[in-house]
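Protein sequences, first through last, are from chains F and X. With the first letter of the first sequence counted as 1, position 356 gets the number 356 in this note's numbering; the numbers rise by one all the way through. In this note's numbering, each residue's number is its place in the second sequence (first place is 1) plus 442. Every residue, glycine too, gets a C-beta built ideally from N, C-alpha and C. Since the model is a prediction, treat every value here as computed from it, not as a measurement.
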Amino acid sequence: MKLTRLALALGVAGLFASTADVPSAQAKYDAFTVPSLVYRTGAYAPNGIPVANGFLDYFNMLNERDGGIEGIKVNVLECETAYNTKQAVECYENTKNEGQSGALAINPRSTGATYALIPKTTEDKIPLLTLGYGRTSAANGKVFPYIFNPPGTYWSQATVFIKYIAQQEGGMENLKGKKIALVYHNSAYGKEPIKTLETLAAKHGFELMLLPVDHPGQEQKATWLQVRRGKPDWLLMWGWGVMNQVAIKEAAAIRFPMDKFIGVWWSGSENDVAPSGPAAKGYLAGTMHAPGSNFGALEEIRKHLYAKGKGAGEESRIGEVLYNRGLLEAVLTAEAIRNAIKIHGTTDIRGEHVRDGFEAIKLDDAAFKRLDLEGFMPPIEITCENHEGNGKIAVQQWDPDTGKWTVVSDWIEPMRDLVNELVSEDSAAFAAENNITPRQCN
Amino acid sequence: MEFLHALLIQPFADMVMEPAFFIETLVKGLMAGVLYSLVALGFVLIFKASGVFNFAQGVMALFAALTLTGLMELLEPSGMPKALIVILAIAATIVVMILLALIIERLVLRPLVNQELIILFMATLGLSYVLEGAGDLLWGSDVKVLDIGLPTDVWDINGVFIEQLDVTAAIAAGSLVAVLAVFFTKTRIGRALRAVADDHQAALSVGISLQQIWVIVWSVAGIVALVAGIMWGSKSGVQFSLSLIALKALPVLILGGFTSIPGAIIGGLIIGVGEKIVEVFWYSVHGGAVENWFAFMLALVFLMFRPQGLFGDKIIERV
């Protein structure tokens, strides 16, 4: 009899235990959990810090000004990765179940970490936001339901650069016979645009010269001797960290015209050009958003955080390229959470609900105005099928005299047909390799 | 057949057909080699005096450069002339590096006297993390522009581009080696250092203070690290990846020998020239990005024939 009672008691206790971590329909979270995988230490810290600060400041501003999202504060859980894939995976595992909501979205901030996390976040149903980096073919939401890479992929960016070069050369037909060199970080990230550029080279008749640079890129003399020897008409760069600074300096040393040297948007921050001083004048880089701090949302951050001594970094660095990029990550994540609450009619949301929120992101000019970010970037619209969001890309130019980047091109539409074809091809191969049946999007 | 042509004939034909470019590649290789030697020199000094492979040498270069830029930033608002700021900041950084040597000797090396060398090596591994963290805490993680007025222009000599900064680095390295050579051979402390390097026990028995010698050696290695940090930091800005330049010194040490200062210089030059020539003239064979692994491969080939390196001491231990 005693044994029966004990078993009953244990059974009841077990029932309570098993349901304790499932939020009831009536419960309201104390906070939403949004992990932030940061690298404030290590070789890539100079770039990691402003991104992490922009992200943290935006959510803290929402907490201070609005009491969070729909009255629930956002708990940004920073975890240090030192830009190391293994540590990033560990951070993900340590934070994914934190808080009542669990992780609502993950920002890995590294292409290597993205590749490692794609299967994990898909299985755990947590959206992975890879803002302008990561696996390009994840743009196909049917095959990668939890991976988002707005507002543009590396492939889109490569086509935009070729379009920009064609504009400067007087038309696509004038690309024939030109030589374009790609100086790239010898890693999965750096190699991303090669396929697209090779396809474009075959189509438009320009010669493509590939020049890999090994990590970390502190010494690149041989690469720049190749540039001297090959005499390319235009230079593209897919670099990161110290590789960017050394490359810009080496380009100046061989007197390569800076206005014919275009870096990917991860090679176009203030950090990258500062060590070269006046020699970097005219250097070009891709961008997904406007530079500078002349936006209402940034004013709000100053007012609600920095004026009260609660800012994440130095106030003078608000509006730097990488700060604004971290801010954009936060804006999209916050918007996805808002959408998820709207779509599901409850604040008791989990990662899978936020996925739906991401797929409902439609930021037009009116939406950017509502967010105090008028003119920050062209409209984007993420859907179930299209996780890239059809953003446009511009080219910005560095002026060391003013210490500012200026957008010098229109917002250029990538060559969608070509990119979509490559995305379909690559994602289909991934689906076949991993036995994934693409989902239906209605 | 095409591959064999690209491997065995084309590169040499290119060298003959493009003599100016070949000379430029050679010069740039030599200049890069000098920079590798500067880092390797610090390793050699400490290894010579204590048999310890100082894993923290790269981080010491970073720490020195961070301290220099940090001090220059602090002095800038004073309104002093730039040259004076640079001189004061360099002098203060040298003092910091000497203090660091004192602290390392007192807290890391002294408690580990008579321990296995591998334990001392592990201690320097820990030291590298401590120094990196200390640099971060003291001076922050931002990329810092290091401008001490070194020339950054380029000489165009009949189409051969030579960077003035590289030439400056070569002069600095040459002067440093000359000063070290005089220091080691002509001064009393230098002779004591050599005695310690030859035989610790014998040196101790004639009254040479091992602790004092270690402080001196680590101080000199710290100053060499400062010079290396200035040269590398002037090129890329001072940032945490600067500590990775130590990786470039390893093949240089294998090649030149861990105990030879001329070996560090010659080894650096061979590695610098070798990797540039192979990267540039054999590009069609390998497709680029061989600079890192080629240096190690060259060092491995040397290891097979001269395990002690070009100028290293041949150690024979009898059973």
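Cutoff 8 Å: A428(F) Cβ touching any chain X Cβ = Residue 428(F) sits at position 428 when you count from the first residue of the first sequence. It does not: the Cβ of A428(F) has no partner Cβ on chain X nearer than 8 Å.
Using the beta-carbon of each residue, which ones in chain F are nearer than 9 Å to N556(X)?
-> Within the second sequence, numbered from 1, the residue matching residue 556(X) stands at position 114. Near N556(X) there are no residues of chain F at all, since even the closest Cβ is about 35 Å away, more than 9 Å.
If the cut is a Cβ gap below 8 Å, which residues of chain X does I49(F) touch?
-> As a first step, residue 49(F) must be located in the first sequence, where it is residue number 49. S583 and D584, listed in chain order.
Mind pulling the chain X residues with CB within less than 7 Å of D214(F)?
-> To locate residue 214(F), count along the first sequence from 1; it is residue 214. Simply A731, E733 and N734.
In whole angstroms, what is the alpha-carbon distance linking D57(F) and L37(F)?
-> Translated into the one-based positions of the first sequence, residue 57(F) becomes position 57. Translated into the one-based positions of the first sequence, residue 37(F) becomes position 37. Distance between the alpha carbons of D57(F) and L37(F) is about 15 Å.
Can you name, in chain order, every residue of its own chain whose Cβ lies under 8 Å from the Cβ of Y29(F), other than the five neighbours on each side?
-> Position 29 of the first sequence holds residue 29(F). Correct list, in chain order: P23, I72, G99, Q100, S101, T347 and D348.
C-beta atoms of V680(X) and L508(X) nearer than 8 Å = Start at 1 with the first residue of the second sequence, and residue 680(X) comes out as number 238. Start at 1 with the first residue of the second sequence, and residue 508(X) comes out as number 66. It is a contact, given that the beta carbons lie within the stated cut-off.
The segment 468-487 of chain X in contact with the segment 545-561 of chain X per 3-pair CB rule at 8 Å = no
Buried versus exposed, by CB contacts within 10 Å (16 or more), D584(X) = The residue given as residue 584(X) occupies position 142 in the second sequence. When all chains shown are included, D584(X) counts as buried.
Could you tell me which chain F residues have their CB closer than 9 Å to the CB of A474(X), listed as they occur along the chain?
-> Here the question's residue 474(X) lines up with position 32 in the second sequence. Simply E219, K221 and A222.
Apart from the five residues on each side of it in sequence, which residues of its chain come closer than 7 Å, Cβ to Cβ, to F376(F)?
-> Your numbering for residue 376(F) matches position 376 in the first sequence. Contacts found: H289, A290, F295 and F368.
At a Cβ cut of 7 Å, what residues of the segment 239-254 of chain F count as close to chain X, listed as they run along the chain?
-> G241, V242, Q245, V246, K249, A253 and I254
Write down the C-beta distance between I590(X) and I631(X) rounded to the nearest angstrom, noting that I regard them as a contact closer than 8 Å.
-> Position 148 of the second sequence holds residue 590(X). Position 189 of the second sequence holds residue 631(X). About 28 Å separates the two Cβ atoms, so there is no contact after all.
Among I118(F), F261(F) and E270(F), which has the Cα closest to the Cα of L284(F)?
-> Residue numbering aside, residue 284(F) sits at position 284 when the first sequence is read from its first letter. Cα-wise, what sits closest to L284(F) is F261(F).
What separation, rounded to the nearest whole angstrom, lies between the Cα atoms of N339(F) and P414(F)?
-> Stepping through the first sequence from its first residue, residue 339(F) is reached at position 339. Stepping through the first sequence from its first residue, residue 414(F) is reached at position 414. So the two alpha carbons sit approximately 27 Å from each other.
Pull up the DSSP beta-bridge partners for P35(F), would you.
-> To locate residue 35(F), count along the first sequence from 1; it is residue 35. L77(F).
Roughly how many angstroms lie between the CA atoms of I361(F) and Q396(F), to the nearest whole one?
-> For the purposes of this step, residue 361(F) is taken as the residue at position 361 of the first sequence. For the purposes of this step, residue 396(F) is taken as the residue at position 396 of the first sequence. If I take the Cα positions, the gap works out to 26 Å.
Per-residue DSSP class, three states only, for T199(F) = Mapped onto the first sequence, residue 199(F) falls at position 199. It is helical.
Proximity winner among S110(F), L422(F), A105(F) and N386(F), relative to C189(F) (alpha-carbon distances) = Along the first sequence, read from residue 1 onward, the residue named residue 189(F) stands at position 189. What sits at residue 189(F) in the sequence shown is Tyr, not Cys. Closest option to Y189(F), Cα to Cα, is S110(F).
Inter-residue Cα distance where the pair is I561(X) and N496(X) = The residue labelled residue 561(X) in the question sits at position 119 within the second sequence. The residue labelled residue 496(X) in the question sits at position 54 within the second sequence. Their Cα atoms are separated by approximately 11 Å.
Within the same chain, show all residues whose beta-carbon is closer than 7 Å to that of P278(F), passing over the 5 residues directly before and after it, in chain order.
-> Taking the first residue of the first sequence as position 1, residue 278(F) is located at position 278. Counting only Cβ-Cβ distances below 7 Å, and skipping sequence neighbours, we find P400.
Cβ of N94(F) within 8 Å of Cβ of T33(F)?
-> Position 94 of the first sequence, counted from the first residue, corresponds to residue 94(F). Position 33 of the first sequence, counted from the first residue, corresponds to residue 33(F). Not in contact: N94(F) and T33(F) (Cβ atoms no closer than 8 Å).
G679(X) versus chain F: which residues are under 7 Å apart at the beta carbon?
-> In the second sequence, counting from the first residue as 1, residue 679(X) sits at position 237. The contacting residues are Q245, A274 and P275.
In or out: F747(X) buried (at least 16 other Cβ within 10 Å) or exposed?
-> Here residue 747(X) is taken as the residue at index 305 of the second sequence, counted from 1. By the neighbour-count rule (16 or more Cβ atoms within 10 Å), F747(X) is not buried but exposed.
Would a C-beta distance cut-off of 8 Å place W266(F) and T287(F) closer than the cut-off?
-> Here the question's residue 266(F) lines up with position 266 in the first sequence. Here the question's residue 287(F) lines up with position 287 in the first sequence. No; because the gap between Cβ atoms is not below 8 Å, this pair is not in contact.
Grouping DSSP H, G and I as helix and E and B as strand, with all else coil, what is V727(X)?
-> On the second sequence, position 285 is the one that residue 727(X) refers to. Helix, per DSSP.
Would you please verify whether the beta carbon of G54(F) is less than 8 Å from any beta carbon of chain X?
-> Position 54 of the first sequence holds residue 54(F). Chain X, which has no Cβ nearer than 8 Å to the Cβ of G54(F), makes this no.
Going by Cα to Cα distance, which pick from L197(F), Y184(F), A222(F) and S187(F) is closest to S156(F)?
-> For this step, residue 156(F) is matched to residue 156 along the first sequence. Ranking L197(F), Y184(F), A222(F) and S187(F) by Cα distance to S156(F) puts L197(F) first.
Segment contact flag, the segment 709-720 of chain X with the segment 665-677 of chain X, C-beta cutoff 8 Å, min 3 pairs | no
Sufficient close CB pairs (3 or more, under 8 Å) joining the segment 112-131 of chain F to the segment 404-421 of chain F | no
CB contact below 8 Å: I465(X) versus chain F | For the purposes of this step, residue 465(X) is identified with residue 23 of the second sequence, where counting begins at 1. Answer no: the Cβ-Cβ gap between I465(X) and chain F never drops below 8 Å.
R40(F) touches chain X at which residues, Cβ-Cβ below 8 Å?
-> Sequence index remark: in the first sequence, residue 40(F) carries index 40 (1-based). In chain order: S583.
In the DSSP assignment, find the alpha helix (DSSP H) that holds K191(F) and state where it starts and stops.
-> In the first sequence, residue 191(F) corresponds to position 191, counting from 1. Its alpha helix (DSSP H) spans residues A188 to K191.
When you compare only the Cα positions, how much space is there between A474(X) and L516(X)?
-> By one-based count along the second sequence, residue 474(X) stands at place 32. By one-based count along the second sequence, residue 516(X) stands at place 74. Looking at the two C-alpha atoms, the distance is approximately 32 Å.
Would DSSP call K586(X) helix, strand or coil?
-> Residue numbering aside, residue 586(X) sits at position 144 when the second sequence is read from its first letter. K586(X) falls in the strand class under three-state DSSP.
Segment contact flag, the segment 313-328 of chain F with the segment 266-276 of chain F, C-beta cutoff 8 Å, min 3 pairs = yes
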